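What follows is a short report on a single structure.
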Amino acid sequence: MRYLLVEDNDQLANAVLDRLTLDGHVVDRAPDLGTADDFIATTEYDMILLDIMLPDGDGRQFLQAHRTAQRNTPVIVLTARSEVSDRVSVLDLGADDYIVKPFDFSELEARCRAVQRRRSGGASNLHKYGDVVFDPLACTLTVNGREVRLRNRELRLFEIFIAAPDQVFSKSKLVDRLFSYDVDASENAIEVYVGRLRKHLEGAQAQIVTVRGLGYRLSLS
Amino acid sequence: MNTPILLRGSIRRRLIIQLLAGAALLASLMFLVVQNYARDLAGQSQDEILSASVTAILDSASVRDGDLTVDIPYFAFSMLGNISDDRVFYAITRNGDFLTGYSDLPKPVASNGILPRFQTAHYDGEEIRMATATRRLSVSGTPDFVEVTVAQTRYGLRQQLAGISQTVAGFGIGFFVIAAVFGILAAQSAIQPLRQLAGSVSRRGLSDLRPVSAPVPAEMESLVGALNGFMSRLKTSLSRSEDLIAEAAHRVRTPLTTVRTQAEITLRRVDKPENRQAVREMIRAIDESSRAAGQLLDHAMVSFRSDHLEMEDVELTRLAQDAVSRLRPMAELRDIDLEISLPDLAMVVKGDPILMQSALLNLLDNAIKYSPPDSTVHVTARRTESGAEITVRDEGAGFPKADMGRLTRRFVRGGNTDAVVGSGLGLTIANEVARAHGGRLFLTNHSDKGGACASLSFPLA
Chain A
115 MRYLLVEDND QLANAVLDRL TLDGHVVDRA PDLGTADDFI ATTEYDMILL DIMLPDGDGR
175 QFLQAHRTAQ RNTPVIVLTA RSEVSDRVSV LDLGADDYIV KPFDFSELEA RCRAVQRRRS
235 GGASNLHKYG DVVFDPLACT LTVNGREVRL RNRELRLFEI FIAAPDQVFS KSKLVDRLFS
295 YDVDASENAI EVYVGRLRKH LEGAQAQIVT VRGLGYRLSL S
Chain B
226 MNTPILLRGS IRRRLIIQLL AGAALLASLM FLVVQNYARD LAGQSQDEIL SASVTAILDS
286 ASVRDGDLTV DIPYFAFSML GNISDDRVFY AITRNGDFLT GYSDLPKPVA SNGILPRFQT
346 AHYDGEEIRM ATATRRLSVS GTPDFVEVTV AQTRYGLRQQ LAGISQTVAG FGIGFFVIAA
406 VFGILAAQSA IQPLRQLAGS VSRRGLSDLR PVSAPVPAEM ESLVGALNGF MSRLKTSLSR
466 SEDLIAEAAH RVRTPLTTVR TQAEITLRRV DKPENRQAVR EMIRAIDESS RAAGQLLDHA
526 MVSFRSDHLE MEDVELTRLA QDAVSRLRPM AELRDIDLEI SLPDLAMVVK GDPILMQSAL
586 LNLLDNAIKY SPPDSTVHVT ARRTESGAEI TVRDEGAGFP KADMGRLTRR FVRGGNTDAV
646 VGSGLGLTIA NEVARAHGGR LFLTNHSDKG GACASLSFPL A
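Top to bottom, those sequences are chains A and B.
Here my numbering runs 114 ahead of the position in the first sequence, where the first position is 1.
Here my numbering runs 225 ahead of the position in the second sequence, where the first position is 1.
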């Protein structure tokens, strides 16, 4: 996905940028509204992450102009304001959602996913791997014409695997990606979700293989 | 919230008392003056008649054949009878010797000329008015002094005076009553602008701090000026404190977001289990502090808004739907289903939507946090006898029985929550919001399934 991050705080922007890049996304960062306008004029984005307090104006003005110009890119507002009324008003102005700083990355991911699912309106973005068809927006996995609905963690786990087939992921890395840090999730929990995915993949060419002592990978049998 | 107002006196009462006192004083002054004047007038006319009578008698005195003759004319007494049936007395002396009449009439005062002299005396137990005059006659060459005294009782005069007094008193009372009515009306209308001002200020919405612009009497200029000045200071300080809250949130939370994100990235790059554990603990500590900062700010916002409640119509089913869709992504993240079942009727409550939303989000957030994976959080709303109720139920461990009574206190967390990041303010916030709206927060555990049940109840509008 291609993100536009409009955020004036350098440290925060770099952290978000690093983190999104690490997940395989492409991110452009605009430190102010002027730069953001330049980016928008030349590039098509899948998602805009918009801060409210910016050096050359209020993010809400940008949002309003964005909607007036009938641009469709979804916008998630990053707000530090604790006032709920602020958050509500950004929704009225046409934001797709908002997230309160400091946010947990999994929350941002979840909100992006929810926004995109809402926006896609049923249009899907299919990934094929062997005889498996994966639709992350519809949360479905189709194996030999049999469609299985994935729960959120199964979906995220499969997303990790399918983004890099044949790459080995250690249990601990998978724990980081799958669970928020507010629970002391054990690595055993990963086995549970891997087990579920394996069940869904029964009879398919694509299989999740255990690499002893290292972790798991997705491969074609 | 309201400090009792110390009252000292009342402008209206003071005005009325002053106006009434003035009216009473004027009325009694009028009464006294008119009564005195009437008394003088009546006395004067009696004196004149007495004097005329005395003169008539004296005039009839003549010297005939060297002897003194006094022929009292009839009209000399009849004119006195005009006044009323007062008794009339007379005495005639010649050179100090009693001639005829009532010998025991009090002695008249000594003469100082030919003009009649008047005096008031007592005779036969009654007050009488006496007129006396002296005439000098010449009897065979020697001067002879004839002195005539006519006296009359004063019944008639008193009666007349009593009549006049009554009338004047009537006038006085009438004057007082009319003045009193005008006084009360004047007092009323004098404080009318004050009442209007008070009314227009108290009818205002809570956040309406505009200056008073309606015209007021000149005397109230300084009051309204002070009021407007006060309101503008209040407005400034309110917006300053709101800004401060927002600014503090920004200042505290933005660096925390950076630290947290960097820590997450670091965790991805670190392989050694002990380092990973350290970074995880860092993230957890950051979560604790950022959540505490957030909740403290939310709590400050709730306390602030509860003190300045801005009531509007809030539809509870809509509120519940909004809150659920807001937190659905967070629930999905943990594979938790949010199940919402709402009655097919509108439940309108008077309240501050921002506060109510905040209370409900806190309950939902708790339910999601404490739910085991792959479970369901149920959100229901129903009408109760006294109002409307939204209940959030999870399938987790429930509230620990021992802590049930104190969970709504600040910074108190249940004994079974160690593994979950929390600030101990969520239920406090929900409870304060409910109370500010005349509602309540009920905490129970589901009877058969054991999950925690938190209900917010509000009285219906």
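Heads up, the beta-carbon is just placed ideally off N, CA and C, and yes, glycines get one too.
Since the model is a prediction, treat every value here as computed from it, not as a measurement.
Whole-number beta carbon distance between residue j and residue i, since they are thought to touch under 8 Å
i         : j         : result
LEU283(B) : GLN377(B) : Contact flag wrong, Cβ pair sits at about 17 Å.
ASP160(A) : MET115(A) : 4 Å
ASN587(B) : GLY639(B) : Not really, about 14 Å apart at Cβ, beyond 8 Å.
ASP577(B) : LEU534(B) : 6 Å
LEU222(A) : PHE176(A) : Not a contact, Cβ separation roughly 19 Å.
ALA356(B) : ASP272(B) : 6 Å
LEU541(B) : ALA613(B) : 5 Å
GLY519(B) : VAL130(A) : The pair is not a contact, with the Cβ atoms about 18 Å apart (cut-off 8 Å).
PRO145(A) : ASP122(A) : 5 Å
For residue i, the three-state DSSP class (helix, strand or coil)
i         : result
MET226(B) : With a pLDDT of only 47 at MET226(B), under the threshold of 50, the placement of this residue in the model should not be trusted, and no figure is reported.
CYS678(B) : strand
ILE561(B) : coil
GLY67(A)  : This structure leaves residue 67(A) out entirely; chain A is present only between 115 and 335.
VAL646(B) : coil
ASP577(B) : coil
ILE297(B) : coil
ALA281(B) : helix
THR318(B) : strand
SER253(B) : helix
GLY291(B) : coil
ARG260(A) : strand
TYR348(B) : strand
GLN321(A) : strand
VAL204(A) : helix
LYS157(A) : For the sequence presented, residue 157(A) should be read as Thr rather than Lys. The answer is coil: DSSP assigns THR157(A) none of H, G, I, E or B.
PHE176(A) : helix
GLY329(A) : strand
VAL617(B) : strand
ALA144(A) : strand
ASN186(A) : coil
ALA286(B) : strand
ILE213(A) : strand
ARG660(B) : helix
PHE283(A) : strand
LEU119(A) : strand
ILE241(B) : helix
LEU315(A) : coil
LYS460(B) : helix
ALA263(B) : helix
GLY651(B) : helix
ASP433(B) : coil
Those residues which DSSP pairs with residue i across a bridge
i         : result
ASP165(A) : LEU192(A)
LYS242(A) : VAL247(A)
ARG476(B) : DSSP output for ARG476(B) lists no bridge partner at all.
GLU610(B) : According to DSSP, which records beta bridges pairwise, GLU610(B) is partnered with nothing at all.
SER566(B) : THR605(B)
ILE353(B) : ALA346(B), THR378(B)
THR325(B) : ILE317(B)
LEU685(B) : VAL574(B)
THR669(B) : CYS678(B)
THR254(A) : ASP249(A), ARG263(A)
LEU334(A) : ALA320(A)
Taking the runs of the beta strand (DSSP E) that are 3 residues or longer, which of them lie wholly in the region 355-424 of chain B?
367-378
Contact set between the region 119-132 of chain A and chain B, restricted to residues whose Cβ is under 7 Å from the partner
ASN123, GLN125, LEU126, ALA129, VAL130, ASP132
What residues in the region 611-643 of chain B have a beta carbon less than 7 Å from any beta carbon of chain A?
none
Scan the region 492-559 of chain B and note each continuous beta strand (DSSP E) run of 3 residues or more that stays entirely inside, going in chain order.
537-540
Against chain A: residues of the region 509-522 of chain B by CB proximity under 8 Å:
ARG509, ILE511, ASP512, SER515, GLY519, LEU522
Report the residues of the region 593-611 of chain B with a CB closer than 9 Å to any CB of chain A, ordered along the chain.
LYS594, PRO598, ASP599
For the region 483-501 of chain B, list every residue whose C-beta sits within 7 Å of some C-beta in chain A, in sequence order.
THR483, ARG485, THR486, GLN487, GLU489, ILE490, LEU492, ARG493, ARG501
What residues from the region 241-275 of chain A come within 7 Å of chain B, judged by C-beta to C-beta, listed N to C?
ARG265, ASN266, ARG267
Contacting positions in the region 538-564 of chain B - beta carbon closer than 8 Å to chain A
ARG553, PRO554, MET555, GLU557, LEU558, ARG559, ASP560
Could you please tell me which residues of the region 163-186 of chain A, in chain order, have their CB closer than 8 Å to any CB of chain B?
MET167
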